[in-house]
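Asks:
2 protein chains.
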Amino acid sequence: MPPDLNLRISPRTVQRETVDKLRLAIFSGLFQPGSRLIESQLCTQLGISRPSLREALRSLEAERLIEIVPNRGPSIPALSWEVATAIYEVRELLEVEAAGRCALRISPEQLRELEKSLSAFEEAASSNDSLAQVMTAADFYSIILANCGNPILEEVHRGLVARISFFRGRSMSLEGRAQSSLAEMREIFESIAAGDEKAARKASKQHVLRAKAAAKISMDNGI
Amino acid sequence: MPPDLNLRISPRTVQRETVDKLRLAIFSGLFQPGSRLIESQLCTQLGISRPSLREALRSLEAERLIEIVPNRGPSIPALSWEVATAIYEVRELLEVEAAGRCALRISPEQLRELEKSLSAFEEAASSNDSLAQVMTAADFYSIILANCGNPILEEVHRGLVARISFFRGRSMSLEGRAQSSLAEMREIFESIAAGDEKAARKASKQHVLRAKAAAKISMDNGI
DNA sequence: GTCAAGCCGATTGTCTGACAATCTTCATAT
DNA sequence: ATATGAAGATTGTCAGACAATCGGCTTGAC
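In order, the protein sequences belong to chains A and B. All residue numbers for the first sequence refer to full-length UniProt numbering, where the first residue is 1 and numbers rise by one. All residue numbers for the second sequence refer to full-length UniProt numbering, where the first residue is 1 and numbers rise by one.
Now the structure itself:
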């Protein structure tokens, strides 16, 4: 078999990645909540055709990252505090369960991985880079969710966290939030490392509750 | 203002409903797990164009009701027992929480509604119409989830239940499953009616566990 | 001046038709 | 029997079109 030279003169524009680009743009807060997304504009910006764009938009709609109102088109939904609260509550349910399970079954190897991500967050927390803080914190949870033994738990969790990504950056930049977050995460880590299910659940619950409180504060302040 | 005669000679084919049609087709088991969905065929069957169909398919893909493999197109995913188990476990988490909350906050009016749906299931259970059984049972949960005070809980639950709809018809047709299901549901209802949160949680947990067991049996039997 | 009616541009919903890239299948040759 | 290769089927993507609908603006009436 001849080696795959991977030389593609005109690669069919791989717009399987269009969804990812758009998702990232939404995460990074490029669009204001409530603002409309004009299809023709997005097409030129992304360099794809309207049918392709609309496919991507349907995916995002199903993920609840955008809303599509008939005859008005896609827009960024304004997240009410009521819905945000509901999301935090379900997140609590899922994370607590995942942390508890994780404590009982995580492998030494993955535990080291978790420790590394905690260190990464520690470093980010001592800086003022709130984007790095959010990213490393997300890594930490991801590892827990990925090792809880239930792929659905992970999948649902990811979907929910995506919807409140808007808050996360804001609340993390609250005075002292990163540091207290670090302490909470360390406690979760210690409990999991010790294989103490109950402690892991308790610590995890505390963490989500405090994150929720921080989000509420930053929202009330209209940050 | 002239009255809206609602006379549309050529109504723009409302294919906002295309997704619903397809979803229903999948629920009712019209497609075999693992079978491919040919776009051109679906287009003619549904009477819509390919771009429109592909939008609908993207929505279903995001709901995990179909899979789309690049260059192979959409297909019905074969649900492994491993994934099904994971779904049942998360369902347990959500339903238990919802039942518990419901017990504390449901209005008398909604309680009557719940009782009615229980009666409907009772009637279906005494018949042999397993489709009616599944539908009325789904109604019962829906009412609980809709009244638990957390819309996200409901939303996530609906998404998960959709993915195991394939099993539900099968396991409900197991000898005696409908009757024992009825007993379990009655216990959930009684607990909620009594405002007993703990009992509601316990009964709900039992119910999901038994449903899971029934699903496993019917799957092992290859029904 | 305020409010209603109606018009106009902007945008969406949907279709048709096209074509290259890729996968499948089957026949052929070694 | 296996590898090769060619034909057909299917997907990925685009361009262009047009009616339906929405939002805002102008106009006109009171």
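Glycine included, C-beta positions come from ideal geometry on N, C-alpha and C. Just so we're clear, the structure is a prediction, and the values are computed from it rather than from any experiment.
1. Beta carbons nearer than 7 angstroms to chain B: which residues of the region 43-60 of chain A have them?
2. Please report the straight-line C-alpha distance between residue 100 of chain A and residue 191 of chain A, rounded to a whole angstrom.
3. Return the chain-ordered list of same chain residues with a C-beta closer than 6 angstroms to the C-beta of residue 167 of chain B, the five sequence neighbours on each side being excluded.
4. Just confirm the distance between the C-beta atoms of residue 90 of chain B and residue 83 of chain A, as a whole number of angstroms; I'd bet it's less than 8 angstroms.
5. Between A/212, A/189, A/213, which lies nearest to residue 203 of chain A when the distance is taken from Cα to Cα?
6. Which runs of the beta strand (DSSP E) fall wholly inside the UniProt domain "HTH gntR-type" (12-79) of chain A and span at least 3 residues, in chain order?
7. When DSSP labels each residue in this structure, what does residue 199 of chain B get in the three-state scheme?
8. Can you tell me the Cα-Cα spacing of residue 158 of chain B and residue 68 of chain A, whole angstroms?
9. In angstroms, rounded to a whole number, what distance separates the CA positions of residue 33 of chain B and residue 61 of chain B?
10. Use the C-beta contact count for residue 220 of chain A: other C-beta atoms within 10 angstroms, 16 or more gives buried, fewer gives exposed.
11. Would you kindly work out how many angstroms separate the C-alpha atoms of residue 22 of chain B and residue 16 of chain B, rounded to a whole number?
12. Is there a C-beta anywhere in chain B that falls below 8 angstroms from the one on residue 150 of chain A?
13. Hey, does residue 170 of chain B have any beta-carbon neighbour from chain A nearer than 8 angstroms?
14. Using the beta-carbon count (16 or more within 10 Å), is residue 228 of chain B buried or exposed?
15. Measuring alpha carbon to alpha carbon, tell me which residue in A/36, A/43, A/123 is nearest residue 179 of chain A.
16. Mapping DSSP to helix, strand and coil, what is residue 125 of chain B?
17. Output yes or no for whether 8 angstroms exceeds the beta carbon distance between residue 98 of chain A and residue 30 of chain A.
18. Of all the CB atoms in chain A, is at least one closer than 8 angstroms to the CB of residue 74 of chain B?
19. Determine, for residue 66 of chain B, whether the minimum Cβ-Cβ distance to residues of chain A falls below 8 angstroms.
20. Residue 112 of chain B: buried (16+ other C-beta within 10 angstroms of its C-beta) or exposed?
21. Helix, strand or coil for residue 106 of chain A per DSSP?
22. Note down, in chain order, every chain B residue with its Cβ under 9 angstroms from the Cβ of residue 153 of chain A.
23. Using a Cβ cut-off of 8 angstroms, pull out every chain A residue sitting near residue 23 of chain B, in sequence order please.
24. In angstroms with no decimal places, state the Cα-to-Cα distance between residue 229 of chain B and residue 165 of chain A.
25. Starting from residue 161 of chain A, find everything on chain B with Cβ-Cβ shorter than 9 angstroms and list it in chain order.
26. Does any C-beta atom of chain A lie closer than 8 angstroms to the C-beta of residue 77 of chain B?
27. So residue 70 of chain B contacts chain A; which residues on that side make the cut at Cβ distance below 7 angstroms?
28. I'd like to know whether the C-beta atoms of residue 218 of chain A and residue 174 of chain A end up nearer to each other than 8 angstroms.
29. Helix, strand or coil for residue 164 of chain A per DSSP?
30. State yes or no: is the beta carbon of residue 62 of chain A nearer than 8 angstroms to at least one beta carbon in chain B?
31. Taking the alpha helix (DSSP H) that residue 190 of chain B belongs to, which residues open and close that run?
32. Hey, residue 143 of chain B and residue 76 of chain B: beta-carbon distance below 8 angstroms or not?
33. Along the alpha helix (DSSP H) that carries residue 130 of chain B, what are the first and last residues, could you check?
34. Residue 42 of chain A and residue 53 of chain A - do their beta-carbons sit closer together than 8 angstroms?
35. Can you tell which of A/73, A/205, A/209, A/150 has its C-alpha closest to the C-alpha of residue 105 of chain A?
36. From residue 121 of chain A to residue 136 of chain A, what distance separates their C-alpha atoms?
Replies: Put simply:
1. 51, 54, 55, 58, 59
2. Taking the first sequence and counting its residues from 1, one reaches residue 100 of chain A at position 100. Taking the first sequence and counting its residues from 1, one reaches residue 191 of chain A at position 191. Taking the straight line joining both Cα atoms gives about 9 angstroms.
3. Translated into the one-based positions of the second sequence, residue 167 of chain B becomes position 167. Excluding sequence neighbours, residue 167 of chain B sits near 215.
4. Residue numbering aside, residue 90 of chain B sits at position 90 when the second sequence is read from its first letter. Residue numbering aside, residue 83 of chain A sits at position 83 when the first sequence is read from its first letter. Contact doesn't hold; Cβ gap of about 20 angstroms is too wide.
5. Taking the first residue of the first sequence as position 1, residue 203 of chain A is located at position 203. Selected option, being the one with the closest Cα: A/189.
6. 67-69, 73-75
7. Within the second sequence, residue 199 of chain B is the residue found at index 199, counting from 1. It is helical.
8. The residue you call residue 158 of chain B lines up with position 158 of the second sequence. The residue you call residue 68 of chain A lines up with position 68 of the first sequence. Roughly 20 angstroms between the two C-alpha positions.
9. Within the second sequence, residue 33 of chain B is the residue found at index 33, counting from 1. Within the second sequence, residue 61 of chain B is the residue found at index 61, counting from 1. If you take the alpha carbons of residue 33 of chain B and residue 61 of chain B, they lie about 14 angstroms apart.
10. Locating residue 220 of chain A in the first sequence gives position 220, where the first residue counts as 1. So residue 220 of chain A ends up on the exposed side.
11. Against the second sequence, residue 22 of chain B aligns to sequence position 22. Against the second sequence, residue 16 of chain B aligns to sequence position 16. Each residue's alpha carbon lies about 11 angstroms from the other.
12. Counting from 1 along the first sequence, the entry for residue 150 of chain A is found at position 150. At least one chain B Cβ lies under 8 angstroms of residue 150 of chain A.
13. Translated into the one-based positions of the second sequence, residue 170 of chain B becomes position 170. No - not a single Cβ of chain A is within 8 angstroms of the one on residue 170 of chain B.
14. Because chain B is modelled from 1 through 223, residue 228 of chain B falls outside the range shown and cannot be assessed.
15. Within the first sequence, residue 179 of chain A is the residue found at index 179, counting from 1. The residue with the shortest Cα to Cα distance from residue 179 of chain A is A/123.
16. The sequence position of residue 125 of chain B within the second sequence is 125, counting from 1. Reduced to three states, the DSSP call for residue 125 of chain B is helix.
17. Your numbering for residue 98 of chain A matches position 98 in the first sequence. Your numbering for residue 30 of chain A matches position 30 in the first sequence. No; because the gap between Cβ atoms is not below 8 angstroms, this pair is not in contact.
18. In the second sequence, residue 74 of chain B corresponds to position 74, counting from 1. No, no contact with chain A.
19. As a working note, residue 66 of chain B is residue 66 in the second sequence. False, the Cβ-Cβ gap to chain A never drops below 8 angstroms.
20. If you number the second sequence from 1, residue 112 of chain B lands on position 112. Flag for residue 112 of chain B reads exposed.
21. For this step, residue 106 of chain A is matched to residue 106 along the first sequence. DSSP places residue 106 of chain A in coil when its eight states are reduced to three.
22. Sequence index remark: in the first sequence, residue 153 of chain A carries index 153 (1-based). In chain order: 86, 89, 90, 93.
23. The count along the second sequence starts at 1 and reaches residue 23 of chain B at position 23. Neighbours of residue 23 of chain B on chain A: none; closest Cβ ~12 angstroms, over 8 angstroms.
24. This structure cannot speak to residue 229 of chain B, because chain B is shown only from 1 to 223.
25. Residue numbering aside, residue 161 of chain A sits at position 161 when the first sequence is read from its first letter. Neighbours of residue 161 of chain A on chain B: none; closest Cβ ~12 angstroms, over 9 angstroms.
26. The residue labelled residue 77 of chain B in the question sits at position 77 within the second sequence. Judged by the 8 angstroms Cβ criterion, residue 77 of chain B is not in contact with chain A.
27. Locating residue 70 of chain B in the second sequence gives position 70, counting from the first residue. 16, listed in chain order.
28. Your numbering for residue 218 of chain A matches position 218 in the first sequence. Your numbering for residue 174 of chain A matches position 174 in the first sequence. It is a contact, given that the beta carbons lie within the stated cut-off.
29. Taking the first sequence and counting its residues from 1, the one referred to as residue 164 of chain A is at position 164. Coil at residue 164 of chain A, not helix or strand.
30. To locate residue 62 of chain A, count along the first sequence from 1; it is residue 62. With 8 angstroms as the cut-off, residue 62 of chain A counts as an interface residue toward chain B.
31. Numbered from 1 along the second sequence, position 190 holds the residue referred to as residue 190 of chain B. Per DSSP, residue 190 of chain B belongs to the alpha helix (DSSP H) from 177-193.
32. As a working note, residue 143 of chain B is residue 143 in the second sequence. As a working note, residue 76 of chain B is residue 76 in the second sequence. Going by C-beta atoms, residue 143 of chain B is not nearer than 8 angstroms to residue 76 of chain B.
33. Here the question's residue 130 of chain B lines up with position 130 in the second sequence. 130-146 is the span of the alpha helix (DSSP H), which, as asked, contains residue 130 of chain B.
34. Taking the first residue of the first sequence as position 1, residue 53 of chain A is located at position 53. Taking the first residue of the first sequence as position 1, residue 42 of chain A is located at position 42. In contact: residue 53 of chain A and residue 42 of chain A (Cβ atoms closer than 8 angstroms).
35. One-based indexing of the first sequence puts residue 105 of chain A at position 105. Out of A/73, A/205, A/209, A/150, A/150 has the C-alpha closest to the C-alpha of residue 105 of chain A.
36. Position 121 of the first sequence holds residue 121 of chain A. Position 136 of the first sequence holds residue 136 of chain A. The straight-line gap from Cα to Cα measures roughly 5 angstroms.
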